[in-house]
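In this note's numbering, the protein residues as written are 119 to 418.
We put the CB at the ideal spot given by N, CA and C, even for glycine.
Since this is a predicted model, take the numbers as computed values, not measurements.
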Amino acid sequence: MQASLSLQRVLFCCVTLGNSLVADANMALDDRDLVQGYNVSSHVFYGELDKVIPEPNFRTGVQGVHPHRIEGSELHLAEIVWPQARELSFVVKDPFKASMSDQFVAYLPDPSQGLWAHLVSADGDVFLAQPEVPDALLRNLKAGDRALFFIRHFPGSTIPLVHRVRFGQLAEDEIKLLRAYRASSGQSLQSIVQEARAREAAASRQEAAEFKVFEDEYYKILRMQDIEIRRSLLYDLIERMGFRGLWDYFEYRQRYLDQHGAHVQSDEIPAGPTVGKEKLWHDISGELRKIEVMLEASQR
């Protein structure tokens, strides 16, 4: 199938897409940007993934164009087919956008053909929508997963796609904001998020001030000559910082998974904290382990 269009106009639309539409899509997928994710979604809900059904060679009914195969004034159109799409059936627990029944079905695409959706506006303007590759969190979804799901339509169709997902503590944090938005009388989600960020910033400033006091005390303790006194004061400092016992990597790893979701790839989990009180806890624990080794050696 072919469509006639001047090459100049095609290039103009592609450039426009690259500078605006694609940029907006990237912002919507930003881990930190709940507002963009909500605004571009047709449905938002907390729920459980009930079934994952393979949908091989799923026909979208949307025509596409390979951007590198535009020849002169002709666009060679072909239907976008997803070789390995998946149908996802959800049990909706808490809807946040659009009226929803207890059951909802959406899809996870497999945009491996490299075809860009061919879209025509009411004014006859043509746009080519770049396919988005689902991130690892979406590709690893399995039955039984509970999360905050964001749905939007595949360009040029009414096919619902899962485009954003939040697990664990990240989901709980965003759910609190969405519930506050739902309960508000006319307040925008943007302002609710900004207020939450302001509270977080104030708490961070308070924690930074406390951290500086603890850090100064830590370095003073390190200068003490008596190893037993140093050991006792370091354990006391850990408790006053609000922690119990020595820092442990496996406990840290589990906390990270609880916060970010069990689908986080192993190579994405940090080796340890890099800032704040937990980093100081990590350092104090390392110092205490060295002290314990020295004390054991001295008793032999």
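Leaving out five residues before and five after Gly-286 in sequence, what residues of the same chain have Cβ atoms less than 8 angstroms from its Cβ?
Excluding residues within five positions, the ones whose Cβ falls inside 8 angstroms are Leu-375, Asp-376, Gln-377, His-378, Gly-379 and Ala-380.
Would Val-473 be called buried (16 or more neighbouring beta carbons within 10 Å of its own) or exposed?
Limits of the chain in this structure are 119 at one end and 418 at the other, which puts residue 473 out of reach.
For the segment 263-272 against the segment 354-369, are there 3 or more C-beta pairs whose distance is under 8 angstroms?
No: fewer than three Cβ pairs fall under 8 angstroms.
Ordered along the chain, which non-local residues of its own chain (more than five positions away) have a Cβ less than 7 angstroms from that of Lys-242?
It is Gly, not Lys, that sits at residue 242 in the sequence shown. The answer is none, since no qualifying residue turns up.
Can you check DSSP and say which residues form a bridge with Gly-242?
Answer is none; Gly-242 lacks a bridge partner.
Give the straight-line distance between the Cα atoms of Val-140 and Asp-401, rounded to the nearest whole angstrom.
The predicted model places Val-140 with a pLDDT of 35, which falls under 50 and marks its position as unreliable; any figure quoted below should be read in that light. Using only the alpha carbons, I get a separation of about 43 angstroms.
Taking the alpha-carbon of Met-342 as reference, which of Lys-294, Gly-179 and Ile-409 has the nearest alpha-carbon?
It is Ile-409.
Given a cut-off of 9 angstroms on the beta-carbon distance, is the pair Ala-203 and Glu-250 in contact?
No; because the gap between Cβ atoms is not below 9 angstroms, this pair is not in contact.
Could you give the first and the last residue of the continuous alpha helix (DSSP H) run that contains Lys-294?
First-last of the alpha helix (DSSP H) with Lys-294: 286-301.
Let's see if you can read the secondary structure: which residues bound the alpha helix (DSSP H) around Ala-254?
Here the alpha helix (DSSP H) through Ala-254 covers 254-257.
Kindly give me the distance between the Cβ atoms of Ser-306 and Gly-179, rounded to whole angstroms, as I take these residues to be in contact under 8 angstroms.
Contact doesn't hold; Cβ gap of about 35 angstroms is too wide.
Could you check whether Phe-329 and Gly-394 sit closer than 9 angstroms to each other, using their CB atoms as the reference points?
Yes, the Cβ-Cβ distance between Gly-394 and Phe-329 is below 9 angstroms.
May I have the straight-line CA-CA distance separating Ala-254 from His-281, to the nearest angstrom?
Straight-line Cα distance between these residues: approximately 11 angstroms.
Classify Gly-360: buried if its beta carbon has 16 or more other beta carbons within 10 angstroms, exposed otherwise.
It is exposed - the Cβ of Gly-360 has fewer than 16 other Cβ atoms within 10 Å.
Kindly indicate which residue of Glu-189, Phe-176, Leu-246 and Asn-258 has the alpha-carbon position closest to the one of Asp-228.
Among Glu-189, Phe-176, Leu-246 and Asn-258, the Cα nearest to that of Asp-228 is on Phe-176.
Return helix, strand or coil for Ser-350, following the three-state DSSP convention.
DSSP places Ser-350 in helix when its eight states are reduced to three.
Is it buried or exposed, His-194, if we count other Cβ atoms within 10 angstroms and call 16 or more buried?
Label assigned to His-194: exposed.
Quick check on Ile-409: does DSSP put it in helix, strand or coil?
Of the three classes helix, strand and coil, the one that applies to Ile-409 here is helix, per DSSP.
Go ahead and label Phe-368 buried or exposed: buried means 16 or more other beta carbons lie within 10 angstroms of its beta carbon, across all protein chains shown.
Result: exposed.
Let me know if Ile-347 comes out buried or exposed under the rule of 16 or more other beta-carbons within 10 Å of its beta-carbon.
It is exposed - the Cβ of Ile-347 has fewer than 16 other Cβ atoms within 10 Å.
In angstroms with no decimal places, state the Cα-to-Cα distance between Val-238 and Val-244.
Going from the Cα of Val-238 to the Cα of Val-244 covers about 5 angstroms.
Give me the Cα-Cα distance between Ala-216 and Phe-163, rounded to the nearest whole angstrom.
Approximately 9 angstroms between the Cα atoms of the pair.
Please look up how many angstroms separate the CB atoms of Leu-406 and Leu-352, rounded, as I've assumed it's under 8 angstroms.
Sure, about 5 angstroms apart at Cβ, within 8 angstroms.
What residue range is occupied by the uninterrupted alpha helix (DSSP H) comprising Phe-332?
Counting along the chain, the alpha helix (DSSP H) containing Phe-332 begins and ends at 307-340.
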